[in-house]
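Mapping of the sequence shown onto the working numbering: residues 48 to 942, in sequence order. For each residue, glycine too, the CB sits at the ideal point set by N, CA and C.
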Amino acid sequence: MADHNFVDFSDALRRIEAHSPFLMGLAARHPAVIDDLRSVGLERCAMAIMATTEGDDISRTMRVARQKIALATAIADLAGAASLERVVRQLSAFADHALDKAIRTAIEERTPGAEPLGFAALALGKHGSCELNYSSDIDLILLFDPAMLPCRPREDAADAAVRIARRIVELLQHRDANGYVFRVDLRLRPSPEATPLALPLMAALSYYESAALPWERAAFIRARAAAGDIALGQEFLDAIRPFIWRRALDYGAIQEIRGISRQIRDHHAQGQMFGPGYDLKRGRGGIREVEFFAQIHQLIHAGREPRLRAPATLDALAALAEAGRVERDTADQLAGAYRLYRTIEHRLQMVDDMQTHSLPRSPDALDNVARLHGLDDGGALLALLWPDVERTGIVYDALDGGETEHLPRDPERLEAAMKAAGFADPAAAARRITNLREGKSRSLRTPVAQAALDAMLPSLVQALGKAPSPQDALNRFEDLVTGLPTALNLFRLLEARPALGRMLIDILSHAPTLSQALSRRPALLDGLIDATALAPPPSIDRLIEEFGVREEGQSYEELLDSVRQRVGERRFALGVQLIEGASDPIDVATGYARVAEAAFDVLATATVAEFEAAHGRVAGGELVVLALGRLGGGALTHASDLDLVFLFTGGILAESDGRRPIGATGYFNRLAQRVSAALSVPTASGPLYEVDTRLRPSGAQGLLAVSIDSFAQYQRESAWTWEHMALTRARPIFGSSGARAALEKVIAETLHREQDPEKLRGDAVKMREDIARHKPPAGPLDVKLVGGGLVDAEFVVHVLQLQHHIGFTPRLRAAATALAEAGLLDPAVTGAHELLTRMLVTLRLVSPGAGEPPESSRGLMARACGYESWEALVKAYDTARTLIASEWKRVSAGD
């Protein structure tokens, strides 16, 4: 940013005198503005100008102020003393000021002395994003609250609002000897040909929540409360935020933006060809296409990522690049092009204060604009613009996949197409496609849905043909579609992202667990739109930040629902990583655990805050939560529940400091129930995790939450051997660092206590026999419960840990490695356990009932576990079981 004290304005003034009759006239009329600009800079000069819009003749003072603002910003711009961002921000700030002044004047004229409440102006377009140019219209939606709007006696509020609106337009738009302030465009309001100039708040809310068109959603990306009753305007925008920023992608809105772009190109065909007459705003590769590029990506991603909701185009491009949603080079190129286009657009408008966006066709006029910018001639201007116009056009064109051929409707030709795609029974496949096209299910009845189905069928059929069993995959796709209330957005998503169609077919072919989740919530596919969906989830801290995002005013119940949505998306993506072969099942299991731990932290933190607000706090006490089992070991499956023990610090005689004191034990037991419910109770987005608390002291007969001191005493005096075995995988996941350290000390003291080896082994053998008797394996591939399976491997490790006090870590692989290094365990057990873990994680997706996976999915399962064929996997599985069974026999016998 240039310092005004060191800026030479002489060249800018020379160019104004030679090439801008409009600005030359303003300079002659307001010479003091130039002196002020030199002495105090643009911002302070503009503030001083806006301070002059007082007095009785507001119409005149605002028009004069507009002249001075135009002159000051133009000189600063031409002299390089202000960047494009500063220029458009200053022009927008004056628009806010003038609009607010007009609203206050209109209300004061009608109801003297009344507070200007109950009437708000929403700015849209470039005004909303603070990017106004020199000769912009201001796009407004005017709202009023009938209960607050100042009215004359016996005057209807709706009539008063319309009269105020008309007066505002007149104050800003009417031309007189001093010109005008701003042209006002109110056509972005709902049904402008039929609705009043100012809309009642509740009617506007009802419209945008139920009947608004997709393009209206896109228009509100850049909306803000700009003037009048700002609180009222912001209340409205907060209320319609879910309409604007949807977590589920709306490819209808995205396609509509693309359609608008194509219509603009067609309607303004003369301005599309680059050269003299080129339309900088609407031409191919111009201003509008940079803006649409940013808005399309915001519509795709910003429903999930609030940091992308930047109204200004340059800010949006930067945010999209920072988040990795747009290539950094692409964002930088578009940003540079946008700055250049907007700057040249300003030069066009500076000449005669005309609302123009097209390069002059006349060579002399084109030369004039170029020289105002400081170039030699029109040819130099075209050479400056051309590279950016061409690159921007290519980038924007790449968003549109072009026209797609539809599948034939003629039965014979359709059958031939299905045969060519790879269907073994093309006649049956053709009948399925015909059934879909006949629209018998509710999701396919509308012409729009049928059109969207036809548009995406060709790419889908190609993906289906590559499935292990194309007909089964098609049948499952039909089942999915017919079970939906509407399939329109699904079809549009698959048309726009053909790669998702291939993933969808893999899911339907191999993963009934994921298919069921998708049938309940098709928007889960939205989370797979970019490559990051197939990357491991971030750290727990990053996930906590992601899951814990709360919209302004979001209630606790709404948070429970939003966490379920975000966690569901992460778990679904992890399952897809496994099905697509993008991640090792062990890494997927680790990812599941990280997601669960982060979700627990967010919900427990929110629940504690809610509970403390209602019941106060217990001095010196806090909730501490211990994870056991697979969560403690940091490796879950898609179907895992959470083994938890709820504890608390402090004395049991303490009481809460709320209005109705509660004893510490009662307090933390009620809080533990709330936390457990936050995880397991279904909301509109379904349940999250099942919670198993049976590993707490005294099991189901004991209190849900006990103090850490009571827990330590129980472990010393009353715990069974199997409870100490479970404690080997215990890990605190909630509580302050001090509380976690205290709990870890209790666990360490318990585990390092001397054990009677014979009793330890005897208790372990009896427990394993009890498990086999009460919960026998569901089949030979029940890798958890089968002889030589995961339970036996865990028993081997836990008995050795407790007997020898070696390898105490919740992570089973690290524990087994430490035992093997000490010569206590066959080193091959680690690999055998990992194979069984891979099989378990994969089976929970492809064969949830623990039976053999379908023949079509066996190759996938073998590859996921690191083998080339199903036969090789089965052989390795048998070898692993034999090894683990042998080790369990040896360890349980004390050998």
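**Report entry** Length of the line joining the Cα atoms of Ala646 and Arg568
**Finding:** 19 Å
Query raised in the report: Going by the beta-carbon positions, is the gap between Phe166 and Gly275 smaller than 8 Å?
Result: yes
**Report entry** Rounded separation between Leu125 and Ile116 - CA only
**Finding:** 14 Å
Query raised in the report: Is it true that the CB of Val843 sits closer than 8 Å to the CB of Met886?
Result: no
Query - Identity of the residues DSSP links to Asp444 by a beta bridge - result: For Asp444, no pairing in a beta bridge is given by DSSP.
**Report entry** Opening and closing residue of the beta strand (DSSP E) in which Phe191 lies
**Finding:** 184-191
Query raised in the report: Between Leu346 and Ala370, is the Cβ-Cβ spacing less than 8 Å?
Result: Their beta carbons are not under 8 Å apart, which means Leu346 does not touch Ala370 by this criterion.
Requested in this report: Grab me the residues of Ile853's own chain with a C-beta within less than 8 Å of its C-beta, minus the 5 sequence neighbours each way, in chain order.
Outcome: Leu847, Ala865, Leu866, Ala869, Leu871
Query raised in the report: According to DSSP, is Arg61 helix, strand or coil?
Result: helix
Requested in this report: Return the chain-ordered list of same chain residues with a C-beta closer than 7 Å to the C-beta of Gly663, the five sequence neighbours on each side being excluded.
Outcome: Ser703, Asp704, Gly705
Query raised in the report: Ile441: buried (16+ other C-beta within 10 angstroms of its C-beta) or exposed?
Result: exposed
Report task. Give, in chain order, every unbroken run of the alpha helix (DSSP H) that is at least 4 residues long and sits entirely within the segment 230-270. Result -> 248-257, 261-266
Report task. May I have the straight-line CA-CA distance separating Ile122 from Glu592, to the nearest angstrom? Result -> 46 Å
Query raised in the report: Can you name, in chain order, every residue of its own chain whose Cβ lies under 8 Å from the Cβ of His155, other than the five neighbours on each side?
Result: The displayed chain sequence assigns Glu, not His, to residue 155. Cβ neighbours of Glu155 beyond the five flanking positions: Ala161, Pro163.
Report task. Go through the segment 387-467 residue by residue and report every complete run of the beta strand (DSSP E) that reaches 3 residues or more, in order. Result -> none
Requested in this report: Report the residue ranges of all alpha helix (DSSP H) runs contained in full by the segment 718-754; include only those spanning at least 4 residues, in chain order.
Outcome: none
Report task. Taking all protein chains shown into account, decide if Pro779 is buried (16 or more other Cβ within 10 angstroms of its Cβ) or exposed. Result -> buried
Query raised in the report: Based on the DSSP secondary-structure assignment, which residues constitute the bridge partners of Ala208?
Result: Answer is none; Ala208 lacks a bridge partner.
Query raised in the report: When you compare each of Ala911, Gly878, Gly600, Trp767 to Leu892 by their alpha carbons, which one comes out closest?
Result: When each option's Cα is compared against that of Leu892, the closest is Ala911.
Query raised in the report: Of the residues Asn536, Ala731, Val692, which one's Cα is nearest the Cα of Ser757?
Result: Val692
Report task. Report buried or exposed for Gln612, applying the criterion of at least 16 other Cβ atoms within 10 angstroms of its Cβ. Result -> Within a 10 Å sphere around the beta-carbon of Gln612 sit 16 or more other beta-carbons, which makes this residue buried.
Query raised in the report: How many angstroms separate the CA atom of Ala251 from the CA atom of Gln601?
Result: 22 Å
Requested in this report: Using three-state DSSP, classify Glu801 as helix, strand or coil.
Outcome: coil
Requested in this report: Decide if the segment 105-115 is in contact with the segment 214-227; the criterion is three or more beta carbon pairs, one per stretch, under 8 Å apart.
Outcome: They touch, by the three-pair rule.
**Report entry** Same chain, Cβ closer than 7 Å to Ala731, neighbours up to 5 away in sequence not counted
**Finding:** So the qualifying residues of the chain are Asp608.
Report task. Could you tell me whether the Cβ atoms of Ala93 and Phe56 are closer together than 8 Å? Result -> no
Requested in this report: Could you give the DSSP three-state label for Met48: helix, strand or coil?
Outcome: Residue placement at Met48 is poorly supported in this model, since its pLDDT is 44, which falls under 50; the coordinates still yield a value, given next. Residue state, collapsed to three classes: coil.
Report task. Apply the 10 Å Cβ neighbour rule to Ser723 and answer buried if 16 or more other Cβ atoms are within range, or exposed otherwise. Result -> buried
Query raised in the report: From Val231 to Gln497, what does the alpha carbon distance come to, in whole angstroms?
Result: 40 Å
Query raised in the report: By Cβ distance, which residues of its chain are closer than 6 Å to Met48, with the 5 residues on each side in sequence left out?
Result: Note that Met48 scores a pLDDT of 44, beneath 50, so its modelled location is shaky and nothing firm can be said.
Query raised in the report: What is the DSSP secondary structure of Ala471, reduced to helix, strand or coil?
Result: coil
Query raised in the report: From the DSSP output, which residues share a beta bridge with Leu691?
Result: Ala674
Query - Spatial distance of Arg67 from His221 (CA atoms) - result: Here residue 67 turns out to be Ser, not Arg, going by the sequence shown. Answer to the nearest angstrom: the Cα atoms are 24 Å apart.
Query raised in the report: What's the call for Glu217, buried or exposed, on a 16-neighbour Cβ count within 10 Å?
Result: exposed
Query raised in the report: Buried or exposed: where does Asp803 fall if 16 or more other Cβ atoms within 10 Å of its Cβ makes it buried?
Result: Looking at its Cβ environment, which holds fewer than 16 other Cβ atoms inside 10 Å, Asp803 is exposed.
Query raised in the report: Should Leu196 and Ala207 be called a contact, given that it needs their Cβ atoms to be closer than 8 Å?
Result: yes
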